[in-house]
Amino acid sequence: MTNTNTKTKTKTEATPAKTANGPSRSKGGSDQVVSIPKRHEEERKRLPIYSARDAILAGIKKHPSVIIVGETGSGKTTQIPQYILEAGWAQYGAIAVTQPRRVAATSLARRVAEEAGTKLGQRVGYTVRFDDTSSPHTKLKYLTDGMLMREILSDPLLHRYNYVLLDEAHERTLRTDILFGMLKDIQSKRHQLKPNGSATTTPRIVDELKIIVMSATLDAERFAKYFNNAEILYVEGRQFPVRVFNTLEPQPDYLDSALVTALQIHTEQGPGDVLVFLTGQEEIENLEKLLLEQRQRLPAEAQDLLVCPLFAALPPAQQALVFTPAPPRTRKIILATNIAETSITLPGIRYVIDTGVHKSRGYSSKIGIESLLVAPISKSSARQRTGRAGREALGYCYRLYTEDGFAQLEEDSEPEILRCNLAAAILQLKAAGVNDVLDFDYMDRPPKLALLRALEQLYALNALDDTGRLSKLGKWMAEFPLDPCFAKVLFESQAHQCTHEVIDIIALLSVDTLFMMPFHKREEAAEARQKFTSLDGDHITFLNLQKAYQSVKGDSQWCSDHFVNHRGMHHVQEVRKQLRQVCERVKVNPNVSCGHDFDRVLQCFTTGFFHQTALLQPDGTYRSVIGSQYVRIHPSSTLFGKRHEAILYNELVFTTRLYVRGVSAIQANWIPEASPRYFRQGQLTAKAALPSVKGP
Ligand code: CDP
Ligand code: MG
Numbered sequence: 014m015t016n017t018n019t020k021t022k023t024k025t026e027a028t029p030a031k032t033a034n035g036p037s038r039s040k041g042g043s044d045q046v047v048s049i050p051k052r053h054e055e056e057r058k059r060l061p062i063y064s065a066r067d068a069i070l071a072g073i074k075k076h077p078s079v080i081i082v083g084e085t086g087s088g089k090t091t092q093i094p095q096y097i098l099e100a101g102w103a104q105y106g107a108i109a110v111t112q113p114r115r116v117a118a119t120s121l122a123r124r125v126a127e128e129a130g131t132k133l134g135q136r137v138g139y140t141v142r143f144d145d146t147s148s149p150h151t152k153l154k155y156l157t158d159g160m161l162m163r164e165i166l167s168d169p170l171l172h173r174y175n176y177v178l179l180d181e182a183h184e185r186t187l188r189t190d191i192l193f194g195m196l197k198d199i200q201s202k203r204h205q206l207k208p209n210g211s212a213t214t215t216p217r218i219v220d221e222l223k224i225i226v227m228s229a230t231l232d233a234e235r236f237a238k239y240f241n242n243a244e245i246l247y248v249e250g251r252q253f254p255v256r257v258f259n260t261l262e263p264q265p266d267y268l269d270s271a272l273v274t275a276l277q278i279h280t281e282q283g284p285g286d287v288l289v290f291l292t293g294q295e296e297i298e299n300l301e302k303l304l305l306e307q308r309q310r311l312p313a314e315a316q317d318l319l320v321c322p323l324f325a326a327l328p329p330a331q332q333a334l335v336f337t338p339a340p341p342r343t344r345k346i347i348l349a350t351n352i353a354e355t356s357i358t359l360p361g362i363r364y365v366i367d368t369g370v371h372k373s374r375g376y377s378s379k380i381g382i383e384s385l386l387v388a389p390i391s392k393s394s395a396r397q398r399t400g401r402a403g404r405e406a407l408g409y410c411y412r413l414y415t416e417d418g419f420a421q422l423e424e425d426s427e428p429e430i431l432r433c434n435l436a437a438a439i440l441q442l443k444a445a446g447v448n449d450v451l452d453f454d455y456m457d458r459p460p461k462l463a464l465l466r467a468l469e470q471l472y473a474l475n476a477l478d479d480t481g482r483l484s485k486l487g488k489w490m491a492e493f494p495l496d497p498c499f500a501k502v503l504f505e506s507q508a509h510q511c512t513h514e515v516i517d518i519i520a521l522l523s524v525d526t527l528f529m530m531p532f533h534k535r536e537e538a539a540e541a542r543q544k545f546t547s548l549d550g551d552h553i554t555f556l557n558l559q560k561a562y563q564s565v566k567g568d569s570q571w572c573s574d575h576f577v578n579h580r581g582m583h584h585v586q587e588v589r590k591q592l593r594q595v596c597e598r599v600k601v602n603p604n605v606s607c608g609h610d611f612d613r614v615l616q617c618f619t620t621g622f623f624h625q626t627a628l629l630q631p632d633g634t635y636r637s638v639i640g641s642q643y644v645r646i647h648p649s650s651t652l653f654g655k656r657h658e659a660i661l662y663n664e665l666v667f668t669t670r671l672y673v674r675g676v677s678a679i680q681a682n683w684i685p686e687a688s689p690r691y692f693r694q695g696q697l698t699a700k701a702a703l704p705s706v707k708g709p
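Going by the working numbering, the sequence shown opens with residue 14, and the numbers climb by one from there.
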């Protein structure tokens with residue numbers, strides 16, 4: 014193991030200055046204040062944002078759009094919507110608060126319902142993919158930005174809401190960016206519906222839509238300009254200094270360094286919890302295991318160690334653990350994705366370990382495939398991570414990279430819209446009535462090539478008609494909160510009579526790692542896995558796993574005996590259940606099964622993933638059908654080292670080489686059949702030109 018901390022340089026990171034335009038107190042807007050429930054009253058008043066309450070309400074009253082910038086933990090997300098609620102302004106229309114992540118939406122709603130003294134799902138609720146606790150009485154709703162986009166489908170001018178708070182705006186996720194443009198448009202349309210405008214409407218409909226953009230760090234001027242010269246309010250934060258340590262050498266294995274550093278802090282440093290930033294579930298679970306192993310070896314007199322994972326797919330009960338103080342003589346080590354960067358404020362943290370990486374979506378226009386990549390964070394993210402250590406007292410941040418490494422980071426991360434595959438987003442845009450996606454009011458316009466590529470993909474999937482409008486199938490696909498490729502597969506499963514199998518496989522593909530490969534038990538694990546292995550490849554292997562898992566009713570001992578990711582499988586069952594529900598809602602029978610005729614299943618997957626296929630070359634390598642790239646089957650795949658005339662894959666990963674994961678063997682002739690629009694006359698090389706992509 015490498016020792017990361019004995020040779021470190023230190024410096025103290027200055028608290029980010031948040032002083033310009035500090036909010037002035039004003040009297041506006043505190044009419045009809047409803048009393049705050051006693052339980053959290055004092056705590057709420059102590060939050061930094063409380064002193065800005067009147068100024069914020071006044072700003073919202075006066076301006077159609079307001080930008081609010083304030084340090085993480087100052088109270089933006091939990092308090093501002095409550096201020097509006099308590100001011101009695103949500104009598105007719107409700108308040109929506111968007112979050113980029115579902116964990117944040119659910120945990121914040123829970124917290125705010127408690128503060129507001131209401132049962133979750135009554136006055137305060139949340140809606141996230143596959144989970145809705147809101148009711149017609151809900152006045153304040155936390156929801157993922159994707160869900161708000163879906164609500165626009167059924168309520169194009171969002172008449173349900175008078176206030177939309179766009180939170181974590183600095184993250185610039187694809188969905189947030191699309192929402193920005195849609196909400197700007199809705200705001201202006203609703204403004205035109207005012208009584209002095211031409212349209213005659215009911216009084217409820219004339220209500221204007223207020224847009225409130227919130228973030229801990231953002232280029233406020235730029236946002237203000239985009240939102241028609243919105244008012245900017247800065248909220249003073251509360252932040253203690255944080256000592257920053259960098260490594261002297263670049264670390265070859267940040268997971269190992271994180272383990273060593275966490276243990277060093279635990280055994281050598283004073284009280285306070287540790288927060289480790291990692292890239293995803295798999296990594297978090299690995300480190301959790303390693304830490305728990307080390308815990309056994311701690312000297313009897315040492316304080317205990319409690320490991321709490323925090324990532325999007327974590328069940329709510331376990332999420333709650335991160336907010337609960339550790340028992341006496343116990344140090345909490347929280348292993349989190351960048352959820353903990355700004356969305357969720359964790360109490361008690363004094364030590365931060367920053368690996369300097371996160372997972373971000375990458376997109377290559379050249380080969381037209383989207384993939385999740387582990388990538389360096391930005392300087393602004395690094396500063397946010399550091400700040401998490403200084404919420405309650407002087408803190409310490411261990412950056413597992415050198416000072417030079419820090420200097421080389423980008424200032425801010427690039428908006429997702431400039432990096433990702435746009436097909437799903439465009440499907441949603443089109444379904445929401447934005448047909449002309451090339452002229453849409455993007456805050457950062459994606460390259461025209463990427464937009465065209467996405468339109469082309471949707472056209473190839475038959476989601477668009479020859480005029481570029483959403484087809485009947487496209488509308489059907491937009492009903493599913495799924496990547497258009499998976500939605501297409503699900504649709505085709507009806508004709509191939511394998512909906513049951515397809516739902517299972519899609520759910521199984523929603524988890525990173527189903528088969529565990531502990532370092533010291535690789536052989537045993539491989540042997541256990543052999544029981545499920547199908548010669549057809551990973552898709553059917555996963556299906557076999559699901560069948561076996563169901564036959565033992567999800568027994569956890571069985572999972573651990575077979576090196577199966579129990580938590581992951583639990584998540585699979587949830588997704589499976591939800592997908593089956595959506596199917597039933599759109600009148601698709603989820604029980605239609607093809608028995609053991611797995612060709613049907615794979616043929617069906619080819620209809621959605623014909624662009625993620627590769628052909629065997631005479632020299633034994635595979636070349637992708639589109640882009641003609643050399644790809645290698647990942648060692649974790651059932652088909653590793655095997656030769657088949659053609660393969661289909663669900664994921665492309667760049668590590669040292671270009672690998673494909675989630676791989677199955679298919680027949681080469683299925684590929685052109687899968688999209689006659691894409692492959693001209695059954696040829697795999699020629700590609701049909703896309704008609705009328707320019708829209709009307
Ligand atoms: O949005 P912002 O980062 O400005 O702050 P917030 O999320 O509104 O959090 C305000 C305070 O509420 C923080 O001190 C959090 O620790 C606390 N909070 C909590 O105790 N439990 C939650 N589930 C959410 C927030
Ligand atoms: Mg917040």
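From the three backbone atoms N, C-alpha and C, an ideal C-beta is built for every residue, glycine too. Everything numeric in this text was worked out from a predicted model, so none of it was measured.
Please report the distance separating the alpha-carbon of residue i from that of residue j.
{"i": "Ala243", "j": "Leu222", "result": "13 angstroms"}
{"i": "Pro329", "j": "Ser147", "result": "17 angstroms"}
{"i": "Ala339", "j": "Val320", "result": "10 angstroms"}
{"i": "Pro77", "j": "Leu272", "result": "49 angstroms"}
{"i": "Ala561", "j": "Lys488", "result": "36 angstroms"}
{"i": "Phe236", "j": "Thr186", "result": "14 angstroms"}
{"i": "Ala65", "j": "Trp102", "result": "18 angstroms"}
{"i": "Ile97", "j": "Leu70", "result": "7 angstroms"}
{"i": "Glu536", "j": "Met582", "result": "22 angstroms"}
{"i": "Gln496", "j": "Arg636", "result": "Checking the sequence, you will find Asp at residue 496 rather than Gln. If you take the alpha carbons of Asp496 and Arg636, they lie about 24 angstroms apart."}
{"i": "Leu133", "j": "Asp158", "result": "20 angstroms"}
{"i": "Gln625", "j": "Val638", "result": "7 angstroms"}
{"i": "Gly403", "j": "Val248", "result": "17 angstroms"}
{"i": "Phe618", "j": "Phe499", "result": "8 angstroms"}
{"i": "Pro29", "j": "Arg57", "result": "In this prediction, Pro29 scores a pLDDT of 38, lower than 50, which makes its location untrustworthy; no coordinate-derived value is stated."}
{"i": "Tyr691", "j": "Val599", "result": "28 angstroms"}
{"i": "Gly41", "j": "Met227", "result": "Low confidence applies to Gly41: its pLDDT is 37, below 50, so where it sits in the model is not reliable, and the reading given next is rough at best. Rounded to whole angstroms, Gly41 to Met227 spans 20 angstroms at the Cα level."}
{"i": "Met162", "j": "Leu303", "result": "40 angstroms"}
{"i": "Thr91", "j": "Pro360", "result": "15 angstroms"}
{"i": "Ala233", "j": "Phe453", "result": "22 angstroms"}
{"i": "Val644", "j": "Pro61", "result": "53 angstroms"}
{"i": "Asp449", "j": "Gln642", "result": "33 angstroms"}
What are the residues that DSSP puts in a beta bridge with residue i?
{"i": "Gln112", "result": "Thr157"}
{"i": "His749", "result": "In the structure displayed, the chain extends from 14 to 709; residue 749 sits before or after that span and is not available."}
{"i": "Ser677", "result": "Gly550 and Leu661"}
{"i": "Lys345", "result": "Leu319"}
{"i": "Val365", "result": "Leu288 and Cys410"}
{"i": "Gly138", "result": "Lys154"}
{"i": "Ile245", "result": "Ile80"}
Could you spell out where the beta strand (DSSP E) holding residue i opens and where it closes?
{"i": "Tyr411", "result": "Gly408 to Arg412"}
{"i": "Asn663", "result": "Ala659 to Phe667"}
{"i": "Glu587", "result": "Run containing Glu587: none in the beta strand (DSSP E); it sits in the alpha helix (DSSP H), His579 to Arg598."}
{"i": "Ile430", "result": "It is not in any beta strand (DSSP E) - Ile430 carries neither H nor E in the DSSP assignment."}
{"i": "Met227", "result": "Lys223 to Ser228"}
{"i": "Arg636", "result": "Tyr635 to Ser637"}
{"i": "Val644", "result": "Tyr643 to Ile646"}
The ligand PLP heavy atoms versus the CB of residue i: any closer than 7 angstroms?
{"i": "Ala126", "result": "Here the bound small molecules are the ligand CDP and the ligand MG; the ligand PLP is not part of this structure."}
Terminal residues of the continuous alpha helix (DSSP H) containing residue i?
{"i": "Asn175", "result": "Counting along the chain, Asn175 falls outside any alpha helix (DSSP H), though it belongs to the beta strand (DSSP E) covering Tyr174 to Leu179."}
{"i": "Gly514", "result": "At residue 514 the sequence reads Glu, which differs from the Gly that was named. Where Glu514 is concerned, the enclosing alpha helix (DSSP H) stretches over Thr512 to Leu522."}
{"i": "Val450", "result": "Unbroken run through Val450: none, as it is neither H nor E."}
{"i": "Val273", "result": "Tyr267 to Glu281"}
{"i": "Thr91", "result": "Lys89 to Glu99"}
Would you call the segment 645 to 652 in contact with the segment 581 to 592, where contact means no fewer than 3 C-beta pairs closer than 8 angstroms? Counting Cβ pairs under 8 angstroms, fewer than three are found: no touch.
Kindly confirm or deny that the segment 355 to 374 and the segment 126 to 135 touch, where touching means at least three C-beta pairs closer than 8 angstroms. No: fewer than three Cβ pairs fall under 8 angstroms.
Okay, do the segment 501 to 514 and the segment 610 to 623 touch, 3+ Cβ pairs below 8 angstroms being the bar? Three or more beta-carbon pairs drawn from the segment 501 to 514 and the segment 610 to 623 are found closer than 8 angstroms, and the two stretches are therefore classed as touching.
Could you tell me whether the segment 544 to 554 touches the segment 296 to 303, using the rule of 3 or more Cβ pairs below 8 angstroms? No: fewer than three Cβ pairs fall under 8 angstroms.
Give a yes or no on contact between the segment 187 to 206 and the segment 166 to 179, applying the rule of three or more CB pairs nearer than 8 angstroms. A contact between stretches requires three or more CB pairs, one per stretch, nearer than 8 angstroms, and the segment 187 to 206 meets this requirement with the segment 166 to 179.
Decide yes or no for the touch test of the segment 406 to 418 against the segment 255 to 274: beta carbon pairs closer than 8 angstroms, at least 3 of them. Yes, they touch.
So if I measure from each beta-carbon to every heavy atom of the ligand CDP and keep distances below 6 angstroms, which residues remain? The answer, residue by residue, is Leu60, Gly83, Thr85, Gly86, Ser87, Gly88, Lys89, Thr90, Thr91, Gln92, Ser120, Leu121, Arg124, Phe336, Thr358 and Pro360.
Three or more beta-carbon pairs under 8 angstroms between the segment 459 to 475 and the segment 434 to 443, yes or no? Flag = yes, the segment 459 to 475 and the segment 434 to 443 touch.
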